[in-house]
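Going by full-length UniProt numbering, the first residue of the sequence shown is number 1, and it counts up by one from there. Below is one structure, written out as structure tokens, with a few remarks after it.
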Amino acid sequence: MCNKKGKIGFNIIISFIVIIVITFSIIGFFVYSNWKNTLDRVVSQEEKDTNESILQKMDEFINEPLNINETNYNLFKRSILDINNKDQRDSYFAGVVEAHKKYIYSYSYGTESGEYYGARRNLNNDVEVIENNESTGGSSYYYSTTKDLTAGRFMEKTEKFDPRTRDWYTIAKEAKKPVFSPIYRHFVMNDLAISAAYPIYNNAGVLEGVLGTHITLSRINSFLKGITKDRKATAYIIERKSGELVANSLEKSNFQTLPEGKTKRISIGEMNNKSVSEAYERYKTDSNNNFVIERENDKFHVTITKFNREGLDWLIITSIPESQFTIDFVKSVRFSTILSAIALMLAIMIYRKNIELILKPIYDLINVTEKFSKGDFSYRARVFRNDEIGKLSTAFNNMADQLHNFINTLEDKVKERTIELEKINEEVIYLSYHDQLTGLYNRRYFDEELRRIDTDGNYPLTIIMADVNGLKLLNDSLGHAMGDELIKKAANIITTVCGKNGVVARIGGDEFVILLPSTGSVEVESILRDIKSKAAGEKVGFAEISIAFGYEVKTHKGEQIENILKKAEDNMYKTKLLQRPGIMGKTFEAIINNLNEKNKTEEVHSRKIADICVEIGKALKMNETDIGELKTAALLHDIGKIAIKDDILKKSGKLTEEELEQFKSHAEVGYRILNTTEGLSEISKYVLSHHERWDGMGYPKGLKGTEIPLQSRIIAIADVYEAMTRETNYRTALSKEVIIENLKKIAGTQIDPELVMIFIEKVL
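Here you go:
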């Protein structure tokens, strides 16, 4: 007992600890997941905002010289600016530089003859104008500017300078379009620079010169620092192919001046930023533009964005440390973990004391169950108190009573269940071998029986194939319920005649097969005559029962039973083919007679419409064949009403929505009946569309205008006219004048406007 007690208590304590740990773990997981998702969103948004800010600033910075060139291009193109007028020229160039001091260093124009004019900012940020032509001997003269921005006093003379040799000039000349020059070390400013060059062509397409707007790149350092400072991020702009710096947010120099005076560009790998260098190297191989690089107990989110202009192929690289977003969370997690551990220890101590009190009556119940398991069913548990444990003891006692009764009655229950299972099994076997509709054997049983019965003792063995005629027509006209009734009646007739002598099976929708062992041709013919005699006069609805038969006899073992079955089927189809015209005609005639019996006025209505259609056909000068076809269609246009209930056809009041939908179906039913009747498939199309309207609001297809067959449009006019001339219980026939007025009102909406005018003018 002590061992059990210790084990149960230990297990409960362990379970409690596991539950608590799992609960804290799940909560911690969701807290961490939510925090991680939030962190990812914050970092992603920070990356996005940083990149968008840099791109916006870069667009402003780079687009400025392009816009200056584009704005001033026409001044040179149209010779509005007189380049030889010194005062006009100097004030123009100085004005452009003065207006765009924030962005550009200098603005100039070099000609194909080697002249060079412009303006620049000197080291003191004052604007100076530049003159370089034949009068200066090829050297560049720099002049201060007056208040009106014309040349003032002479400031400086430089060595000979030919703009045509400069990269910005030659690259624009080669490209024949606006373009940026490669990055170069400015020969005056201690800075890297690029030039936006714009070639100027005269009306003859000859190059006259190149406009150049020159900017220094150190300004990019400043705005990169301004964008990244508050975000604790780092940003670099480099040339994509070489990896050489264009600008950086650290305000470090992007180049070095070597002792011999040469300029050495600094690459991204020399910036001592391993996370950025690694991201750049990975970018070159897989072209991904977002990287998370782990370095020195921190993660750096590095984004690389392309920045391209004509002549510029740069990359913008931003690096954001993740630690700035995680440090507070990590502190909170540590504090929460310590508090949770203390709370868990206190909970375990309290829980252990409670378990000892709760488990005491359980141990007694365990002792009782051990005795019960050894077969002492008379022993019952003591109820210590009226709590959950007490209820458990009571439930145990009740269970013991019931178990005692169950054991005594178990044998009877087993017998009862066995009988039920056997009955169910018999039903399953029956359903697996019988057709549910007719109760005959099904295809599965037939296949097995055919193999079993194909033995010497059963020869001659006859196979009869039977096919019920007119099933599809009956289904289409009166519905599948009547079709099922036809199948059941046919099955009953066949079974009555030959069910005792052979095996009858339904193997398809309207197909039956009969196996007759020890039966020859003479006996088979007698059996078939009996079946046909019994079917004669039997009807389902309006249709007489007609069955097509074909048989074949196997007389010796050498014949393949599959071939005998195939021949019987072929013989049946030959018979069906020969019988088809007569049967279809009888069925069709029965449909018409049945319809006329259902509604005595239907025949008169159809004949009147047929006569009107003939007159319209003559007015349209249709040939005799077409008029005959039109008349037949008119006579049969409402044949589909055979499927409509009598109470709907004879209802004098307004039809309900459901009744109206059923009434509308008569056009489609008529189409299906005629389409399956030999020689009437073309007419079926006219019957299908005789309730379509000229405006497309008719049924069943919503055809409009000339989409509706001509014959259907003629029947529609005749139908409307006949309705107006017919006397009913609630209305007298309309006069000719009123009829003509009404026909004109619905012309172009309900009926064909041209046909109705021909009808009015030539028929009425």
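Note that the Cβ used here is the ideal one computed from N, Cα and C, for glycine as well. From a predicted model like this one, the values you see are computed outputs, not experimental measurements.
Exercise. Distance, Cα to Cα, I27 vs N405?
Worked result: 50 Å
For this session: Decide if the stretch 128–148 is in contact with the stretch 179–190; the criterion is three or more beta carbon pairs, one per stretch, under 8 Å apart.
Result: no
For this session: Could you tell me which of L392, V522, T303 sits nearest to N51, measuring between CA atoms?
Result: T303
Exercise. Can you give the beta carbon distance from A400 to R382, rounded, assuming they're within the 8 Å contact cut?
Worked result: That belief does not hold up - the Cβ atoms of A400 and R382 are roughly 13 Å apart, past 8 Å.
Exercise. Taking the C-alpha atoms as reference points, what is the distance between E737 and A716?
Worked result: 20 Å
For this session: Flag this pair as touching only if the stretch 673–685 and the stretch 650–660 have three or more C-beta atom pairs under 8 Å; answer yes or no.
Result: no
Exercise. When DSSP labels each residue in this structure, what does R231 get in the three-state scheme?
Worked result: coil
Exercise. Per DSSP, L461 is paired with what?
Worked result: K554
Exercise. Based on the DSSP secondary-structure assignment, which residues constitute the bridge partners of R506?
Worked result: F512
For this session: Please state if the CB of F255 and the CB of I268 are separated by a distance shorter than 8 Å.
Result: no
Problem set entry | Rounded straight-line distance, which links the Cα of R451 to that of A536 | 34 Å
Problem set entry | Nearest-angstrom Cα separation, counted from C613 out to L630 | 7 Å
For this session: Less than 8 Å between the CB atoms is what I'm expecting for I609 and A643, so what's the real figure, rounded?
Result: Actually they are not in contact, since the Cβ atoms of I609 and A643 sit about 20 Å apart, beyond 8 Å.
For this session: Could you name the residues of the same chain whose beta carbon sits closer than 8 Å to that of I760, not counting the 5 residues immediately before and after it, in chain order?
Result: I740, L743, K744
Exercise. Would you call L211 buried or exposed, if buried means 16 or more other Cβ atoms sit within 10 Å of its Cβ?
Worked result: buried
For this session: Check whether the Cβ atoms of S684 and Y671 sit closer than 8 Å, and answer yes or no.
Result: yes
Problem set entry | Span of the beta strand (DSSP E), counted from its first residue to its last, around M189 | Run containing M189: none; DSSP gives neither H nor E here.
For this session: Output the distance between the C-alpha atoms of N386 and S373, rounded to the nearest integer angstrom.
Result: 25 Å
For this session: Note down, in chain order, each residue of its chain lying with its Cβ closer than 7 Å to the Cβ of G95, except the 5 sequence neighbours on either side.
Result: L149
Exercise. What separation, rounded to the nearest whole angstrom, lies between the Cα atoms of V43 and D167?
Worked result: 42 Å
Problem set entry | Cβ pair residue 772, Y433 closer than 8 Å | In the structure as shown, the chain begins at 1 and stops at 764. Residue 772 is therefore absent and cannot be evaluated.
For this session: Report yes if the C-beta distance between I464 and V524 is below 8 Å; otherwise report no.
Result: yes
For this session: Under 8 Å Cβ to Cβ from L674, same chain only, skipping five residues before and after it: list those, please.
Result: L636, I639, L680, S681, I683, S684, V687
Problem set entry | Three-way DSSP call (helix, strand, coil) for P182 in this model | coil
For this session: Look at the alpha carbon of A341 and the alpha carbon of D298, and state the distance between them as a whole number of angstroms.
Result: 28 Å
Exercise. Which whole-angstrom value describes the C-beta separation of E251 and K225, a residue pair presumed to lie in contact below a C-beta threshold of 8 Å?
Worked result: 6 Å
For this session: Rounded to whole angstroms, what's the CA-CA distance from D59 to A196? Just pull it up for me.
Result: 14 Å
For this session: Could you say which of K157, K241, T145 lies nearest to N133 if we only look at CA atoms?
Result: K157
Problem set entry | Buried or exposed (CB count within 10 angstroms, at least 16 for buried), M622 | buried
For this session: Starting from the Cα of G205, find the closest Cα among K177, N221, S222, K229 and give me that residue.
Result: K177
Exercise. What are the start and end residues of the alpha helix (DSSP H) that includes M155?
Worked result: Where M155 is concerned, there is no enclosing alpha helix (DSSP H), although the beta strand (DSSP E) it sits in stretches over 151–160.
Exercise. Hey, I487 and C498 are a contact pair by Cβ (cut 8 Å); roughly how many whole angstroms apart?
Worked result: The Cβ separation is near 17 Å, so there is no contact.
For this session: Return the bridge partner residues of W314 from the DSSP annotation.
Result: E239, F307
For this session: Starting from the C-beta of L703, find all residues in its chain whose C-beta is less than 8 Å away, skip the five residues before and the five after it, and write them out in chain order.
Result: S689, E692, G696
Exercise. Under 8 Å between the Cβ atoms of I220 and I237?
Worked result: yes
Exercise. Looking only at its own chain, which residues have a Cβ that is under 8 Å from the Cβ of F446, when we skip the five neighbours before and after it?
Worked result: V503, A505, I507, V513, L515
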